[in-house]
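Asker: In the working numbering, the protein residues as written are 1 to 278.
Let me give you the structure first, and then I'll get to my questions.
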């Protein structure tokens, strides 16, 4: 039997109509190559050359969107079909071998970072072998990463809770330093905006609630940052304090608060430094 190999970046939940896999590329990349591997399964190697052909499954992205309530764009249709090239539609798993590769060329710099594209590939034929019913079609989800995207170390910062404006809570274990807390993840929303996830209270306690969809938007000219949270419209920059990005060190310095007329929460001197790709 032949099937698409499971990459490590699996996206689809159990029970999905098709397996899907995520691959993101820096928005500044003018070209990239993605390799699709087709495997000969089982304990034995291929007993003979197994020619295979690959093509596009025209309905798979729609089927996946309907089942999973997603909104992947159909990459095989105009105008998105200009963003990729399926370099070959045929390959051979050689006798004594276990796999064959097919490559897709991409143009990430032309991707819209606010959306995700779905490319549904299927094994159309395999001479001398059966095609897997479960992994004969896969959906590769392509996206772009802006230059702020990644995993960031919490280098410094402080959190303070208030019972009312001007009344800081006392003996509150959630207050205090954020230095050394778990890394946070910055995920591309658009060319200049990232969503920050993984923020925790002092001492790496539970995650900070009430600021869902925390976002930082960087002005690419001034490197000043505007903070907001879709889950809490009161969240904003603190007046007179820095909210900025340093491109030389890939570091954010942030000061923001929320609930300003009630149970105020402030995060001050938050320093996030780039650690690696997500």
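A virtual CB, placed ideally from N, CA and C, is assigned to each residue, including glycine.
For residue 247, which residues in the same chain have their Cβ closer than 7 Å to its Cβ, ignoring the five residues on either side in sequence?
Answerer: Within the same chain, residue 247 has close Cβ partners 223.
Asker: I'd like the span of the beta strand (DSSP E) that includes residue 159, first residue to last.
Answerer: 150 to 164
Asker: Is the segment 34 to 41 touching the segment 148 to 168, taking contact as three or more C-beta pairs under 8 Å?
Answerer: no
Asker: Is the separation between the beta-carbon of residue 47 and that of residue 76 shorter than 8 Å?
Answerer: no
Asker: For the segment 171 to 245, list the beta strand (DSSP E) runs that are entirely contained and at least 3 residues long, ordered along the chain.
Answerer: 184 to 190, 193 to 197, 214 to 218, 225 to 229
Asker: Which residue comes first and which comes last in the beta strand (DSSP E) that contains residue 37?
Answerer: 32 to 40
Asker: Three-state secondary structure (DSSP) at residue 18?
Answerer: In the structure shown, residue 18 falls within a coil segment according to DSSP collapsed to helix, strand and coil.
Asker: By the DSSP assignment, the alpha helix (DSSP H) with residue 65 in it spans what residues?
Answerer: 60 to 68
Asker: Assuming residue 197 and residue 218 make a contact with CB atoms under 8 Å, what is their CB distance in whole Å?
Answerer: No, residue 197 and residue 218 are not in contact; Cβ-Cβ is about 17 Å, not under 8 Å.
Asker: Could you tell me the distance, in whole angstroms, from the CA atom of residue 147 to the CA atom of residue 114?
Answerer: 14 Å
Asker: Just tell me which of 238, 253, 250 has its CA closest to the CA of residue 266.
Answerer: 238
Asker: In whole angstroms, what separates the C-alpha of residue 51 from that of residue 97?
Answerer: Residue 51 and residue 97: Cα-Cα distance of roughly 12 Å.
Asker: Pull up the distance between the alpha-carbon of residue 204 and that of residue 23, whole angstroms please.
Answerer: Approximately 30 Å between the Cα atoms of the pair.
Asker: From residue 137 to residue 172, what distance separates their C-alpha atoms?
Answerer: 53 Å
Asker: For chain D, check one thing: does any of its Cβ atoms lie closer than 8 Å to the Cβ of residue 155?
Answerer: In the displayed structure, chain D is absent; only one protein chain is listed.
Asker: So what's residue 12 in DSSP terms, helix, strand or just coil?
Answerer: coil
Asker: Which word fits residue 28, buried or exposed, when buried means at least 16 other C-beta atoms lie within 10 angstroms of its C-beta?
Answerer: exposed
Asker: Sorted by chain position, which residues of the same chain lie with C-beta nearer than 6 Å to residue 272's C-beta, five sequence neighbours on each side aside?
Answerer: 152, 252
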